[in-house]
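Asks: Residue numbers (the numbering used here), protein chains in the order written: chain A, 246 to 552; chain B, 934 to 1062. Just so you know, even glycine gets a beta-carbon here, dropped at the ideal spot from N, CA and C. Bear in mind that the values here come from a model prediction, so they are computed numbers and not experimental data.
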Amino acid sequence: MSLKSLENAAVASSGHHMIEQKLSVQFEDLDQQNESYIVGMWSFLVTEVMFFGALFLAYTLYRVMYFNTYLEAHHFLDVKLGTLNTLVLLSSSLSAALAVFYAQHGQRIKVALLLAFTCLCAFGFMGIKYVEYTSKINEGLLPDQNFNYAKALTVFHEHHKPAAGTEENPRANVAWEQLELARKANQVSFVVPKDNPETTFVESGFDNRVTSAADATARVVVKSPARERFDIEAGKAKIFFSIYFCMTGLHGIHVIIGIICMTTFILMYLTKHPAVDDYLPTEMLGLYWHFVDIVWIFLFPLMYLIS
Amino acid sequence: MASGHGHGAGFAPDGAPIERISHPKLSLYFGTYFALLGLLVVTVVLYFIDLSKMWHWVGWNIVIALIVATVKALLVVLNFMNVKGGTRLIWLWAALGFIWVLLMGIIFLDYQFRPDSTAWEWQSLTDRK
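1) Just the Cα atoms here: how many angstroms apart are A/Leu515 and A/Phe362?
2) Using 8 Å for Cβ pairs, my map puts B/Gly1018 next to B/His956. What's the rounded Cβ distance?
3) With a Cβ-Cβ cutoff of 9 Å, do A/Gln210 and A/Met263 count as a contact?
4) Between the alpha carbons of A/Leu544 and A/Val294, how many angstroms are there, rounded?
5) How big is the Cα-Cα spacing for A/Glu473 and A/Leu290?
6) How about A/Glu280: is its C-beta nearer than 9 Å to some C-beta of chain B?
7) Please say whether B/Phe1013 and A/His535 have beta carbons closer to each other than 9 Å?
8) Strictly under 9 Å for the Cβ-Cβ distance: is B/Phe1046 near chain A by that measure?
9) For the alpha helix (DSSP H) holding A/Asp538, just list the boundary residues, first then last.
10) With a 10 Å radius around its C-beta and 16 neighbouring C-beta atoms as the bar for buried, classify B/Leu1036 as buried or exposed.
11) Throw me the rounded Cβ distance for the A/Leu550 and A/Val324 pair, which I believe falls under 8 Å.
12) Would B/Lys1017 count as contacting chain A if we go by Cβ distances under 9 Å?
13) From what residue to what residue does the alpha helix (DSSP H) around A/Tyr209 run?
14) If I'm right that A/Trp541 touches A/Thr331 with Cβ under 8 Å, what's the distance once you round it to whole angstroms?
15) Is the beta carbon of A/Phe321 less than 9 Å from the beta carbon of A/Ala397?
16) Determine the burial state of A/His499: buried for a count of at least 16 other Cβ atoms within 10 Å of its Cβ, exposed for fewer.
17) Does A/Thr508 come out as helix, strand or coil in the three-state DSSP assignment?
18) Just checking: is the beta-carbon of A/Val375 within a distance shorter than 9 Å of some beta-carbon in chain B?
19) Closer than 7 Å by beta-carbon distance: list the chain B residues that pair up with A/Gly298, in chain order.
20) Kindly say whether A/Gly450, judged by its beta-carbon, lies nearer than 9 Å to any beta-carbon of chain B.
21) Taking Cβ positions only, does B/Trp1026 come closer than 9 Å to chain A?
22) In chain order, what residues of the same chain have a beta carbon less than 6 Å from the beta carbon of A/Ala318, not counting five sequence neighbours either side?
23) Do B/Leu1007 and B/Ile997 have their C-beta atoms within less than 9 Å of each other?
24) Only counting the same chain, and skipping five residues up and downstream in sequence, which positions put a Cβ closer than 8 Å to that of A/Ala471?
25) For B/Lys986, which residues in chain A fall below 9 Å Cβ to Cβ?
26) Take A/Gln432 and list the residues in its own chain whose beta-carbon comes closer than 6 Å to its own, dropping the five residues that flank it on each side.
27) In this structure, does DSSP put A/Thr331 in helix, strand or coil?
28) Out of B/Leu1042, B/Trp1033, B/Ile954 and B/Tyr966, point me to the one whose CA is closest to A/Leu281's CA.
29) Using a Cβ-Cβ distance under 9 Å, would A/Thr195 count as near chain B?
30) Do B/Val1016 and B/Ala1002 count as a contact pair if the criterion is CB distance below 9 Å?
31) Could one say the Cβ of B/Glu952 lies closer than 9 Å to chain A's Cβ atoms, at least one of them?
32) Once you ignore the five residues that flank A/Leu553 on each side, which residues in its own chain have a CB closer than 8 Å to its CB?
33) Taking the alpha-carbon positions, what's the A/Ile373 to A/Leu326 distance?
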């Protein structure tokens, strides 16, 4: 059965004409009505730009202040997953645009299918984000009381040793150098077994308490000037991760809202709900989704690709 | 068929010209999508190339990355969000978001005129070896 046979016969036969719209009483004509819808949605999007704009400003200020920290801390973000997420979101944006196109032409089954694909991409995006967040939290990079930059850096340097011959950017090593100095100052070994780094650091603090599980391998250090300098560096990294979780989290909330709205629209299209007789609600949903895409277009190079 | 959906301007009952939203063809959406994918590749490749070695200034990577991101955002705004086919009022609102971001940049002028703080690591943009 072709898609067209599922559509209303009159609509299907005139595949490239716009659907008929109803004029609400408060408008002069359809052009005014359409413009009002779109402008209304855009004014909402401008408030969203302000919302995210403040966070981008915080990001920029701290990037200028703590550039070395940003450079070092961004290595914890996975460029491959970030790229994949961008790809997923761009594809979802295409299908959202196509859904709007078919909504304008009254082909509701196609709209529902395209919105379902968009929804699927949104779920994929959130799934990848879940993987990323989980690994950050396990590494001790969630900026709460369990934030443990010492552990994260140690695991990172034990497992991602640069290949011989490649030169590391010295500016991307500030915190790591301080951590090394702190260790030398206390002549304490701080070993991470390669097989299972997670279980070794059950301890959240970087003080002289040692838990039984970690006792054998990880002896943690006492305060020293080098340790204090490291704490300052860790505090700066904590700011980076606060901004990272704040911005990507807020963006993720927008994605979830998008999923809820799209699911509602799919149901309305499938039940021929009168609210989607007009294409404008779908167009507005599309505008929202493209906005979410644009936020990610900026987040991706700013968070994952610091060089 | 709704009469009000051709392309170009029509006339209101009082004779004043009306602006109409025009809608793009399907091919534009696919073109935009592939352009966005191309720019995504550019963005990622750019990350692995150190432009400062070529052009003696560390800022090039972020400047070009932001230019690419802005071009991508413009493609989405103009084509996917159909501001290109929009009326002047829609253009105005879309531009407002951009203007807001530019206004925020003025905050950096304020920081420019503050006394140096030791807590800050102002990065000299030329000290890279």
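Replies: Working from what's here:
1) 15 Å
2) 6 Å
3) The structure shown does not extend to residue 210 of chain A, since chain A is modelled only from 246 to 552, so the question has no answer here.
4) 13 Å
5) 44 Å
6) yes
7) yes
8) no
9) Leu525 to Tyr549
10) exposed
11) 7 Å
12) no
13) Here chain A comprises residues numbered 246 to 552, so residue 209 of chain A is not present and cannot be evaluated.
14) 6 Å
15) yes
16) buried
17) helix
18) Note that residue 375 of chain A is Tyr in the sequence shown, not Val. No, its Cβ sits nowhere closer than 9 Å to a Cβ of chain B.
19) Trp1033, Val1034 and Met1037
20) Because A/Gly450 carries a pLDDT of 40, less than 50, the predicted location of this residue cannot be relied on, and the following value inherits that uncertainty. It does not; no Cβ of chain B falls within 9 Å.
21) yes
22) Ala482 and Phe485
23) no
24) Gln423, Leu426, Ala427, Lys429 and Ala430
25) None at all; the shortest Cβ gap to chain A is about 12 Å.
26) Only weak support exists for where A/Gln432 lies, its pLDDT of 45 falling under 50; the value from the coordinates is given anyway. Correct list: empty, nothing qualifies.
27) helix
28) Checking the sequence shown, residue 281 of chain A turns out to be Ser, not Leu. Comparing Cα positions, the closest option is B/Ile954.
29) Shown here, chain A extends from 246 to 552; a query on residue 195 of chain A therefore has no answer.
30) no
31) yes
32) Limits of chain A in this structure are 246 at one end and 552 at the other, which puts residue 553 of chain A out of reach.
33) 7 Å
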